[in-house]
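Residues in the sequence shown are numbered from 0 upward in steps of one, following numbering that gives the first Met the number 0. For glycine and all other residues, C-beta sits at the position ideal for the given N, C-alpha and C. Notes for the one structure printed next.
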Amino acid sequence: MTQKVVIIGISGSSSSGKTTIARIISLVLPNCLLIHQDDFYRPNEEIPYDPKHKAQNWDSPDAIDFVKFKSVLHNLQNDPSFVYKVDSLELPGDDKFGADQEVVRHFSKLFEKFSDTKFVLVDGFMMYHRGELEGLFDIKLMIKTSYSTLKERRARRQGYNTIGGFWEDPPGYFDRFVWPGYYNFHKDLFNEPEHLVKANGGTLNAFATEQLGIMAFQNDDGGSFKQLQQDVLQSLYDRCITLGI
0 MTQKVVIIGI SGSSSSGKTT IARIISLVLP NCLLIHQDDF YRPNEEIPYD
50 PKHKAQNWDS PDAIDFVKFK SVLHNLQNDP SFVYKVDSLE LPGDDKFGAD
100 QEVVRHFSKL FEKFSDTKFV LVDGFMMYHR GELEGLFDIK LMIKTSYSTL
150 KERRARRQGY NTIGGFWEDP PGYFDRFVWP GYYNFHKDLF NEPEHLVKAN
200 GGTLNAFATE QLGIMAFQND DGGSFKQLQQ DVLQSLYDRC ITLGI
């Protein structure tokens with residue numbers, strides 16, 4: 000009998016907290032493979048160059064090798080013999096310290112009923128902007144917060160591993176590339192105009208929630224991170240039940 004494969008997408012802007020949440024989910028799900036979209040960045044010399052700002056734009060869809068990305072997900076979904084191996088560029092996180100152990104234990108027990116399922120959890124910043132990617136995800140999650148929170152978190156980061164070395168944001172990078180890249184390629188998902196999405200992260204419209212099936216969660220500084228973990232995992236569990244997984 001072929002093992003059932005369920006692909007879960009978790010997206011959001013850079014610094015939304017999606018990678019930390021993805022790592023916590025991976026502690027709970029049985030038979031879980033965690034994939035980072037950042038590992039599909041093109042080589043440094045192929046990252047789009049913006050002549051206006053005289054800098055590379057790592058937050059453009061063209062910075063990602065989507066042909067390779069889609070091929071890997073398609074193979075995982077359809078070829079039981081396919082093995083995904085990568086030396087991840089993702090920096091180690093403190094997710095095990097951020098994970099609430101009571102929440103992890105509770106939901107690990109609940110998700111035991113899906114032990115015959117292979118879960119593929121995909122963390123990425125640019126996954127719900129193209130119709131061609133919609134069919135690749137069985138379940139879609141999105142983490143969001145305000146512009147000011149995103150910018151403050153991004154500023155606290157030390158940098159990023161890339162194929163060609165270590166990347167640090169040049170001055171003004173967030174306002175020139177990160178926020179415009181996120182908003183411009185996701186604005187069709189929101190009810191509100193940009194200034195309100197900036198203010199509080201926005202709310203998803205019917206197209207996003209009903210047609211695409213995206214479940215969104217707010218991750219503000221000062222909010223209860225334990226409650227966020229509970230909400231995400233409960234919603235994920237409920238969706239698995241609804242889909243008959």
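- In the DSSP assignment, Lys-143 falls within the unbroken beta strand (DSSP E) covering 138 to 143.
- Taking C-beta separations shorter than 6 Å and ignoring five residues to either side along the sequence, the partners of Lys-117 in its chain run Gln-2, Val-4 and Asn-30, following chain order.
- In the DSSP secondary-structure assignment, Phe-81 is not bridged to any residue.
- Runs of beta strand (DSSP E) with 3 or more residues, each lying fully within the stretch 12 to 48, are found at 31 to 35, listed in chain order.
- For Ser-10, the enclosing beta strand (DSSP E) covers residues 3 to 10.
- Taking all protein chains shown into account, Asp-187 has fewer than 16 neighbouring C-beta atoms within 10 Å of its C-beta and is therefore exposed.
- Contact check for Leu-28 and Phe-81: beta-carbon distance about 19 Å, past the 8 Å limit, so the pair fails to qualify.
- Closest in C-alpha terms to Thr-18, from the list Asn-183, Ile-142, Ala-54 and Asp-49, comes Ile-142.
- DSSP places Phe-124 in the coil class of the three-state scheme, outside both helix and strand.
- The beta carbon of Ile-138 is closer than 6 Å to those of Ile-7 and Arg-238 in its chain, skipping five residues each way along the sequence.
- For Ser-14, the number of other beta carbons within 10 angstroms of its own is at least 16, and it is reported as buried.
- With a cutoff of 7 Å on beta-carbon distance, His-128 and Phe-65 are scored as not near each other.
- In this model, His-52 and Val-103 are separated by some 44 Å (Cα to Cα).
- DSSP, reduced to helix, strand and coil, places Lys-117 within a strand of the structure shown.
- Ala-198: not part of any beta strand (DSSP E); member of the alpha helix (DSSP H) spanning 193 to 199, first to last residue.
- Taking 7 Å as the cut-off, the beta carbon of Thr-144 is found no closer than this to the beta carbon of Gly-212.
- Residue pairing from DSSP places Leu-203 in a beta bridge opposite Phe-189.
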